[in-house]
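Shown next, in structure tokens, is the structure this report addresses.
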Amino acid sequence: MTETTGYSGGGFVHVKNPHLDSMEEDILYHLDLGTKTHNLPAMFGDIKFVCVGGSPNRMRAFAQFMQRELGLAGAGEELPDICAGSDRYAMYRAGPVLSISVSSGLLSITVSSLLISISHGMGIPSISIMLHELIKLLHHAKCRDVTIIRIGTSGGLGIEAGSVVITDTAVDSSFQPRFEQVVLGDVVVRSTELDKDLAEELLACSREIADFPTLIGHTMCTYDFYEGQGRLDGALCSFSSEKKLEYLRRAYDAGVRNIEMESTAFAALCGLCGLKAAVVCVALLDRLQGDQIRASHEVLWEYQQRPQRLIAAFIRQRLGLG
Ligand code: R2B
Ligand code: URA
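The opening residue of the sequence shown carries number 3 in my numbering; numbering runs sequentially from there.
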């Protein structure tokens with residue numbers, strides 16, 4: 003069975019589940035949020051940008067960085083974890099953004115967020131749980147015209163370490179643009195296309211940041227970091243060095259420029275729910291040169307800033323902040 007990308011009428015987030023309408027309450031268990039316990043439209047209704055990434059610390063640092071970049075109130079202060087009641091994922095908001103309106107002589111002040119930054123852990127099962135709950139959250143909050151971006155790390159393929167890859171298509175380990183999920187014992191195949199215009203817009207933004215290379219390419223998503231990515235240095239390895247290089251070169255020839263572990267599920271779920279989505283990952287090494295990540299903590303830290311700096315430039319441009 004193949005499903006195609008969803009249409010989001012009016013810019014709303016589009017959940018594709020008829021059962022949700024008949025539920026009295028929706029508990030977003032792994033986020034520790036819910037429709038009865040939280041006023042989701044008030045908390046999240048103004049969200050326009052969602053950034054997701056593997057590690058809670060990195061996503062907190064990103065929210066703090068955005069707070070400064072956008073000149074928002076509270077810049078420099080500690081940010082509370084919105085999902086603190088659950089130790090599965092962490093969520094931070096850049097904000098608050100205050101909007102003030104007067105209706106029938108009554109002044110009303112709404113405190114909401116422009117951007118949220120959420121960690122998703124490592125691998126497809128982890129990001130998939132987070133995305134189901136995040137997408138329902140955006141739906142319950144009645145968010146409109148949301149852009150979602152995964153910022154992360156990856157192994158590069160034939161590119162310099164530190165390069166940033168903007169994904170045009172996420173492919174599986176056979177280089178196919180598909181995400182396969184077993185549902186009730188059957189394999190459901192979902193498309194993994196990402197928003198091409200968004201990828202081009204991000205590439206145009208990258209031209210303003212001249213100190214690292216940025217390119218558009220396919221991203222290969224695997225179920226494992228070691229054998230699954232053709233590494234020779236795991237606890238198990240069932241292939242030769244020649245076979246590894248032959249596989250990685252075939253991936254390169256198919257257009258793959260980096261390898262990570264979440265992009266196919268991310269592209270499929272976001273696409274089906276009508277979210278404009280992008281994947282922007284820095285390459286920590288060139289996998290044609292080796293398997294181990296040898297760069298120092300300082301170098302790796304600076305590499306991880308690169309997708310964040312690109313997204314900051316993009317959001318500033320979208321908001322007309324230059
Ligand atoms: C990139 O880095 C992680 C593995 O080290 C994984 O989450 C990914 O996609
Ligand atoms: N993340 C991956 O999934 N692979 C790498 O090689 C580096 C980071």
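We put the CB at the ideal spot given by N, CA and C, even for glycine. Everything numeric in this text was worked out from a predicted model, so none of it was measured.
Beta-ladder partner(s) of residue i, from DSSP
i: Asn260; result: Gly158 and Thr221
i: Thr216; result: Val166
i: Lys278; result: Thr149
i: Ala172; result: Thr221
Candidates the options: closest to residue i by CA position
i: Cys275; options: Arg90, Ala65 and Leu140; result: Leu140
i: Ile49; options: His142, Glu264 and Leu238; result: His142
i: Glu248; options: Leu159, Gly13 and Ser121; result: Leu159
i: Leu72; options: Val17, Arg60, Leu116 and Gly232; result: Leu116
i: Lys278; options: Gln69, Arg296, Glu262 and Asp199; result: Asp199
i: Val17; options: Gln319, Cys272 and Gln306; result: Cys272
i: Pro58; options: Asp83, Pro20 and Ser121; result: Ser121
i: Leu42; options: Ser193, Lys138 and Cys207; result: Lys138
i: Thr169; options: Val148, Leu204 and His21; result: Leu204
i: Met25; options: Thr149, Arg252 and Gly36; result: Gly36
Presumed contact (8 Å Cβ cut-off) between residue i and residue j, rounded CB distance
i: Val173; j: Val284; result: With 8 Å as the limit, Val173 and Val284 do not qualify as a contact, their Cβ atoms being about 19 Å apart.
i: Asp293; j: Arg233; result: 4 Å
i: Ile313; j: Ile151; result: 6 Å
Residue i CB to nearest heavy atom of ligand 2 below 7 Å
i: Arg289; result: yes
i: Phe214; result: no
i: Leu33; result: no
i: Gln319; result: no
i: Gln231; result: yes
i: Leu274; result: no
i: Leu286; result: yes
Cβ-heavy atom distance, residue i to ligand 1, below 7 Å
i: Met263; result: yes
i: Thr266; result: no
i: Thr155; result: yes
i: Met222; result: no
i: Phe227; result: yes
i: Met45; result: no
i: Met124; result: yes
i: Gly158; result: no
i: Gly87; result: no
Segment contact flag, the region 249–260 with the region 119–127, C-beta cutoff 8 Å, min 3 pairs: no
Inter-stretch contact (C-beta, 8 Å, three-pair minimum) for the region 169–184 and the region 211–223: Enough Cβ pairs lie closer than 8 Å, so yes.
The region 181–199 contacting the region 88–97, beta-carbon criterion three pairs below 8 Å: Pairwise C-beta distances place the region 181–199 out of contact with the region 88–97, as fewer than three of them are shorter than 8 Å.
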